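Input: a single structure, listed below in structure tokens.
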Amino acid sequence: MARPGEGKLSSAYGSWPSPIRAEGLAEASLRLSQPRIRDGAVYWLEGRPGEGGRQQVMCVPQAFEAVEPSSQEATPRSANVRTRVHEYGGGDYAVAGEWLFYVDFADQRIHAGLDGRFAPLSPPGARYADFALTPGREALVAVEERPREGREPENRLVMFPLPEQGLPTRVGAPRVIAEGHDFYSFPVFSPDGSKLAYTAWQHPNMPWDGTTLFVQAWGKGEPGGAARAVAGGASESVFQPEFSPSGRLTFISDRSGWWNLYELRGDGEVAALCARSEEFAGPQWVFGLSRYAFLSDDVILCVHGVGGQSRLGRLDRLSGRLEDLALPYSGYEGIQVDGERICFVGSAADRPSAVVALDLASGRQRELQRGSSLAFDASTLAAPEAFEFESVGGRRSHGWFYAPRRRDGEASGAERPPLLVKSHGGPTAAASTALDLRIQYWVSRGIAVVDVDYGGSTGYGRAYRERLRGEWGVVDVEDCVAAAEALAEEGRVDAHRLAISGGSAGGYTTLCALTFHDTFRAGASHYGIGDLEALARDTHKFEARYTDGLVGPYPEAREIYRARSPIHFPERLNCPIAFFQGLEDAIVPPNQAQAMVDALALRGIPHAYVAFEGEQHGFRKAGNIRAALEGELYFYAQIFGFESDADPGPLRIVR
């Protein structure tokens, strides 16, 4: 096999020379999230693989002015802005009034700042996320996750008093606002300060299964009575409550089978604002999500769509008319509004994600920061093709297919490209049409990719999402297998060179497909699950009962857990697998990968295991991102027999 510097690669699929290099992709890819607006300034959270995954709050002070935007760090250079509440985090910082609040990864404490000077606000020992400033700006409300000896952590809504102007910040124990539920999120105050709204839910539900929306009276800087439930429940998912400028409570609910916008009226009636077979929200894996905001009391700016493509529109709440903005994006996150000025993180298939500032009055639009500094000719990028296929039992399932194409001629003869099936994580998540240079890395080398939205994925309504209820390890796997077989039958890929890859829950789907089916010839698991029982016993609080809905209550359904755990069936594994694992992963502990590796070694099946020091669930360091990507390509090149310039790095194939 060719290695770097050993000559020109052949025209065979998989061996095409590509301008998309793993080292550049890892170093130049930023994680952009949680945009905010304050007094014409736009803030966002920026994760930097080149700095070991450190996250920093960035700011462009004059984001909407006719001047060249210049970003600056708004939090100290020593800070790593990242909360570990629910382990997945989100809601890591807030900009409110003159204050900037953030959680530092090192101590998980809230740090409060005025004029660039920061001091701790919360005591050590707990974790915090999802902030809201009280109407009088006298206190900060937050979700707290507090450890308890020998028991699950306790989640509560708490409040920290803020000092008067000119006085130092004091560290003290918080005041508890709400407790008793397993989880809380989305605290928000009404404009007049008379109400606090928030969502809460209980085990075994996940937030996309069922949450309850509560409203609590508020007065004189403290709760004014007991909270009352106004919407939601065990089988209705409520997302992002917000108050209109006049104080009407608005929220997103899937009570119709789709996440649509609703409002609570004075008589307690819940009324739909725009009833459509489209999703106006997504799964609440992290805090700090925003899918809509008020332009005025009667006009809402909102994201909506089906599958991996979304649009941003103006909704007239009186008529229900929804008019889309003409913008070059197919994905929108973190919608924020300040009068006619808006910001969001926009994504599309032909450009990197970006923090976008848009003045609706003037029409001036600018990208303040891009997620990647790499630039490619448009002809280098493969466009996602909507792919609907028939799965087991006649189910219609979805995915996005990326076909390799070369500017200087296709591979000769009747050769078909290898196929890499991507199984997304979650499993309650979705594939996206946003430009993903990791997918383009494969396709630009002549390897076809299908990103499968298997049953259980979001974006297609609640019924599609619930196909996976009790069927994890079955429906998702069947759909990934069916996608590969359909593309092979159509002659679009090589039926003898099919591979599957996924991370976390997608890694579990991958391992199941390789263990219980014979369709694939190789695969790669990135921090994937091999033992469902170990997951049910050892995982963190947020997902501690997730498998109750996906598989069945544990330990009552223990036999099902064992029957769907690849670790118990090593004799069925008959193809090579590569494993990539963070050694500090609290969500999928590394002992699961090691157990699968040991099983493959006993069978004498070629395999590889790369363990990364200091990495948790998902890889944040540039060197590790590169090693995982190049290592996987090198692995497939060795197994499928095509030339590759990939550097195997720490990967060693054990035969």
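The sequence shown begins at 2 in this note's numbering and counts up one residue at a time.
Idealized CB from N, CA, C, for every residue including glycine.
Bear in mind that the values here come from a model prediction, so they are computed numbers and not experimental data.
Go ahead and pull the three-state DSSP assignment for G583.
strand
Check each candidate in G137, V144, E88 and name the one with the smallest Cα separation from I111.
V144
Does the beta-carbon of S331 have 16 or more other beta-carbons within 10 angstroms, so that it is buried, or is it exposed?
Buried, since its Cβ has 16 or more Cβ neighbours within 10 Å.
Supposed contact pair A609 and V655 - C-beta distance, whole angstroms, cut 8 Å
About 7 Å; that satisfies the 8 Å criterion.
Okay, do the segment 172 to 179 and the segment 531 to 548 touch, 3+ Cβ pairs below 8 Å being the bar?
These segments do not touch.
Helix, strand or coil at E391 [DSSP, three-state]
DSSP places E391 in strand when its eight states are reduced to three.
Report, in whole angstroms, the separation of the C-beta atoms of C576 and L488, which I expect to be a contact under 8 Å.
With a Cβ gap of about 18 Å, C576 and L488 do not count as contacting.
Can the beta-carbon of Y442 be found less than 9 Å from the beta-carbon of A23?
yes
Spatial neighbours of A235 within its chain, please: CB distance less than 7 Å, with the 5 preceding and 5 following residues excluded, ordered by chain position.
N206, G211
Please classify W17: does DSSP put it in a helix, a strand, or coil?
coil
Would S380 be called buried (16 or more neighbouring beta carbons within 10 Å of its own) or exposed?
Burial call: exposed.
Pick helix, strand or coil for A227, following the three-state DSSP scheme.
In this structure, A227 counts as coil in the three-state DSSP scheme.
With which residues is R152 paired in a DSSP beta bridge?
R149
Is it right to say R653 is buried, meaning 16 or more other beta carbons lie within 10 angstroms of its own, or is it exposed?
exposed
Inter-residue Cα distance where the pair is I21 and S445:
7 Å
Using only CA atoms, which one of V589, I561, A525 lies nearest to V611?
A525
Close-in-space but distant-in-sequence residues of the same chain around G301 (CB under 8 Å, 5 per side omitted):
For clarity, residue 301 is Ile in the given sequence; the question names Gly instead. The residues are T251, L262, L274, Y293, A294, F295, R315, L316, R318.
Can you name, in chain order, every residue of its own chain whose Cβ lies under 8 Å from the Cβ of V82, other than the five neighbours on each side?
L46, Q56, Q57, V58, T76, D93, Y94, Y103, V104, D105, F106
For D378, which of helix, strand or coil comes out of DSSP?
coil
Give me, in chain order, the residues of the same chain whose beta-carbon lies closer than 8 Å to that of V598; leave out the 5 immediate sequence neighbours on both sides.
F580, H608, Y610
If you check the beta carbons only, do G400 and A496 fall under 9 Å apart?
no
If you draw a straight line from the C-alpha of G8 to the C-alpha of T459, how long is it?
In this predicted model, G8 has a pLDDT of only 44, less than 50, meaning its place in the structure is not dependable; the value taken from the coordinates is given anyway. Going by the C-alpha atoms only, they are around 45 Å apart.
By DSSP's criteria, I343 is part of a beta bridge. Which residues make up the other side?
DSSP links I343 through a beta bridge to V338, L359.
What would DSSP say about F102, mapped onto helix, strand or coil?
The DSSP-derived three-state label of F102 is strand.
What are the boundary residues of the alpha helix (DSSP H) that includes V476?
476 to 490
Suppose the cutoff is 6 Å on Cβ atoms and the five residues either side in sequence are ignored; what does the same chain contact list for Q617 look like?
G583, E585, D586
What's the gap between the Cα of N592 and the Cα of E139?
47 Å
Any contact of the segment 566 to 573 with the segment 228 to 248, i.e. 3+ C-beta pairs under 8 Å?
As far as the Cβ criterion goes, the segment 566 to 573 does not touch the segment 228 to 248, which means the pair count is below three.
From T200 to F187, what distance separates their C-alpha atoms?
6 Å
DSSP has H608 in a bridge; who is on the other side?
I578, V655
Please report the distance separating the alpha-carbon of F345 from that of K622.
25 Å
Look at the alpha carbon of L499 and the alpha carbon of A600, and state the distance between them as a whole number of angstroms.
22 Å
Beta-carbon contacts of T170 that lie in its chain and below 7 Å, excluding the five residues immediately before and after
A113, A120, L122, P164
Can you tell me whether D532 sits near the ligand ZN, meaning its C-beta is under 8 Å from at least one heavy atom of the ligand?
Looking for the ligand ZN in the displayed structure turns up nothing, as the structure carries no ligands at all.
Nearest-angstrom Cα distance between Q310 and T135?
36 Å
So, with DSSP's three-state summary, where would you put L122?
coil
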